[in-house]
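I have placed the structure first, in the form of structure tokens, so that the comments after it can refer back to it.
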Amino acid sequence: MSDTKLAPQSGAIKLTMLLAGVVFLLMMLLGLVMRAAQGGLIEVDPTLFYQILTAHGAGMVGTAALTGAAILWYFVGRYVPLVAGIYWAFLGLFLLGVVLILGSIFIGGFGGGWTFLYPLPAMSGGAWQVTAAAGFFLGYIAIGVGFLLFYLEIGRKLISTYGGISGALAWPLAFGNGKVEDAPPPTIVAAMATTVFNTIGIVVGAAVLVCSLVNLYFPSFVVDALLAKNMIFFFGHVFINASIYMAVIAVYEIIPEYTGRPWKTSRVFAIAWSLVLLFVMAVYPHHMMQDTVMPAWALVMGQIVSYLSGIPLLAVTAFSLCVYLRGSKMRWDLASSLLVLGVAGWSVGSVPAILDGMISVNKVMHNTQWVPGHFHIYLILGEVAMAFGFMAWLVKEANKVELSNLDRAGLTIYILGGAGFTIMFLISSALSVPRRWAVHLEQWMLQDQIATGFGALVVLGALIFVVRYVHVSGDTTN
Amino acid sequence: MQMMVLTVSLVLMAVVALIFVAAVRSAGIEQAPANTDRNRTFLIYGMLIVGVVVTAGSLRQWPHAISSSTETVQVNATGYQWYWELDKEEVPIGKSVIFNVHTKDATHGLGVIDPNGRLLFQTQAMPGYVNQVEYIFSEPGKHQILCMEFCGIGHHDMTSEFNVVAK
């Protein structure tokens, strides 16, 4: 860990996490409404359902990315001075984007999905006007510009402090004769890798957004649908993965406070992050395995890299965490419990993801409920758990490590709800239930109803974490 | 296939979860130092070997292979917001059927469900392209087509059907 424990812009980070916690809760409630509607427990008009679907997807992905970015900024600030104004500009542009997106959905009626798959936004069948789709695109663009500013600041500081991109990625240690003691800390390696791949992802996303925007107003400007889909899924995959890879920095920085063992950049750690940098960008064709016009080599690459992506996660991050825990003097409170849960959930979620990354499996699992099944494990029990863990750590009193009864209750409810909720998606998929259907057949509803019960537990657990954060923040401030 | 994938997935997920539970439970207990580097190397090589075997086994026969035989039955399926148009209402059992999948508007997904409600296969309907998928039906009866790619407010209504008949 750093010798200089700076707390850069901690007020801004605490505010960000408060906003994120509240938005997570609201988005979870929207998810609960959708599962209850699919289960026939409540009635939701399909038009509204697809608007909720769009808001839930965009909101969860955006907020996961926001929390990952806040974690990255906070901890990178321990090693290099960062300009506060950039963070405020990033947060301001993010909020502007949120306003535009929510307005386009709930005022304009846009319901084209968070993936805005070309040319659907321009072909609503009368459900929304071009201006609503344009508002949605502009909201994404505002958020994207904010992220680019954010990464520009992170990137330039890391490059100038650690001897270029290769230095910050610890390449001298990974591929040369560099020594462990000279390598940058894990936070810097992770921050540099995510800065590189998410910047590339966002630029590709911005390009396809602008093309889609032009197409809205000038329909004769036609984009090749296969190219657009490649660009959208490249962006979408990289962006949501970046949120987890940014959030894991909280594990590198906070867990050593509980185990008393520092988390250092080893050779295998440095190599793993260079592979992550490559794999995150190369794996996206696994989203396009049922586009049989795609070159066969791309689909094979998607399958192989899906599998290989599990190795840095399981054999490096998960393995190292288990080694750190075994025999250590680990102390448990809500923060440390949620951070460990986050890595465990992420690791568990990689199993259904890898299986669905096989072309022959994908042929019967693609766009069934398997897909939300695996990514809800990544999120509820992975990234979001890490974000809640970071929130609990942010407001914890120094030297006080305890797991209160309320914390235990929150954790138990959240884990039980998260596991049950996500496993119901997987079971539904095995029964051939498609994803993203506003209205379900009667024979699918039992799983939806059970999932709704588990979903309510997730919301309750998250509510405990957020209320606790607000309450303890108030105590700390007073 | 689906139930096998679910079972394998749940078992492996449980194994990963139990490894974490064991690590959490062992925290704070004095233990002899493990040979971490050697164990990690075993894990990496083990995963690589399993990966090579699974990759070779699953791709040895290309999952999207389309037969060039003239003995196949061709079905043209076209997606519209929000209905399907098929140029055949019946296809034979036990014979290669090739679906040529088009769209006239947004992207759709053609998924075929057997009489037991089981998804047999799917492919995407991509503007400007024709995706092909080949299948040999083994069970007669009414088969449903569902839309498997979100395509707007009528997505869940975009269903159709055809018969698989013995000939």
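In the order they appear, the protein sequences are chains A and B. Using the numbering used here, the first residue of the first sequence is number 1, and each one after it goes up by one. Using the numbering used here, the first residue of the second sequence is number 1, and each one after it goes up by one. Just so you know, even glycine gets a beta-carbon here, dropped at the ideal spot from N, CA and C.
Would you please verify whether the beta carbon of residue i is less than 8 Å from any beta carbon of chain B?
i                 : result
Gly125 of chain A : yes
Cys322 of chain A : yes
Asn215 of chain A : no
Tyr50 of chain A  : yes
Asn367 of chain A : yes
Leu403 of chain A : no
Trp114 of chain A : no
Ile311 of chain A : yes
Ile359 of chain A : yes
Ile427 of chain A : yes
Asp182 of chain A : no
Gly111 of chain A : yes
Gln447 of chain A : no
Ser432 of chain A : yes
Lys363 of chain A : yes
Asp475 of chain A : no
Phe319 of chain A : yes
Asp3 of chain A   : The predicted model places Asp3 of chain A with a pLDDT of 39, which falls under 50 and marks its position as unreliable; any figure quoted below should be read in that light. It does not; no Cβ of chain B falls within 8 Å.
Trp437 of chain A : yes
Ala315 of chain A : yes
Val99 of chain A  : no
Between residue i and chain A, is there a C-beta pair that is closer than 8 Å?
i                 : result
Asn131 of chain B : yes
Pro115 of chain B : no
Ile145 of chain B : no
Gln122 of chain B : yes
Pro140 of chain B : no
Ala166 of chain B : no
His102 of chain B : no
Phe150 of chain B : yes
Pro92 of chain B  : no
Val5 of chain B   : yes
Thr70 of chain B  : no
Ile44 of chain B  : yes
Val97 of chain B  : no
Ser58 of chain B  : yes
Arg38 of chain B  : no
Ile153 of chain B : yes
Ser160 of chain B : no
Ser67 of chain B  : no
Identify which residue in the options has its Cα closest to the Cα of residue i.
i                 : options                                   : result
Ala318 of chain A : B:Ile93, B:His102 and B:Val21             : B:Val21
Ile107 of chain A : A:Ile52, A:Ser347 and A:Phe388            : A:Ile52
Met288 of chain A : A:Tyr324, A:Leu277, A:Gly236 and A:Lys264 : A:Gly236
Gly135 of chain A : A:Gly155, A:Gly125, A:Leu226 and A:Leu102 : A:Leu102
Tyr83 of chain B  : B:Ser68, B:Val8, B:His156 and B:Met1      : B:His156
Leu411 of chain A : A:Phe454, A:Ile464 and A:Ala438           : A:Ile464
Val280 of chain A : A:Val251, A:Ile254, A:Gly111 and A:Ile311 : A:Ile311
Thr41 of chain B  : A:Arg267, A:Ala132 and A:Arg35            : A:Arg267
Gly453 of chain A : A:Ser428, A:Gly474 and A:Met424           : A:Met424
DSSP has residue i in a bridge; who is on the other side?
i                 : result
Ile136 of chain B : B:Ser96
Tyr79 of chain A  : Tyr79 of chain A is not bridged to any residue.
Pro434 of chain A : A:Thr368
Tyr217 of chain A : Answer is none; Tyr217 of chain A lacks a bridge partner.
Trp84 of chain B  : B:Gly79
Thr103 of chain B : B:Gly79
Leu110 of chain B : B:Thr123 and B:Cys147
Asn163 of chain B : B:Glu90 and B:Lys142
Asn131 of chain B : B:Val101
Gln74 of chain B  : B:Ile98
Rounded C-beta distance between residue i and residue j? I'm assuming under 8 Å.
i                 : j                 : result
Leu48 of chain A  : Phe137 of chain A : Not confirmed; about 21 Å, so no contact.
Val459 of chain A : Met123 of chain A : Contact flag wrong, Cβ pair sits at about 34 Å.
Ser160 of chain B : Ile145 of chain B : 4 Å
His366 of chain A : Gln122 of chain B : 6 Å
Tyr378 of chain A : Trp346 of chain A : 6 Å
Ser58 of chain B  : Leu426 of chain A : Rounded, the Cβ-Cβ distance is 20 Å, inconsistent with contact.
Met445 of chain A : Gly40 of chain A  : 5 Å
Ile154 of chain A : Val76 of chain A  : 6 Å
Thr63 of chain A  : Ile105 of chain A : Contact doesn't hold; Cβ gap of about 15 Å is too wide.
Are the C-beta atoms of residue i and some chain C residue less than 8 Å apart?
i                : result
Ser10 of chain A : No chain C appears in this structure, whose protein chains are A and B.
Name the residues in the stretch 16-29 of chain B whose C-beta lies less than 7 Å from a C-beta of chain A; which are they? Val16, Ala17, Ile19, Phe20, Ala23, Val24, Ser26, Ala27, Gly28 and Ile29
Near-chain B residues of the stretch 291-309 of chain A (beta-carbon distance less than 8 Å), N- to C-terminal order: Asp291, Thr292, Val293, Ala296, Leu299, Val300, Gln303, Ile304, Tyr307 and Leu308
According to a CB-to-CB cut-off of less than 7 Å, which residues of the stretch 369-398 of chain A neighbour chain B? none
Contacting positions in the stretch 73-89 of chain B - beta carbon closer than 9 Å to chain A: Gln81 and Trp82
Positions along the stretch 35-64 of chain A whose CB lies within less than 9 Å of some CB in chain B: Pro46, Thr47, Phe49, Tyr50 and Leu53
Contact residues within the stretch 153-177 of chain A, judged by C-beta distance below 9 Å to chain B: none
Residues in the stretch 216-229 of chain A having any Cβ partner in chain B nearer than 8 Å: Asp224, Ala225, Leu226 and Lys229
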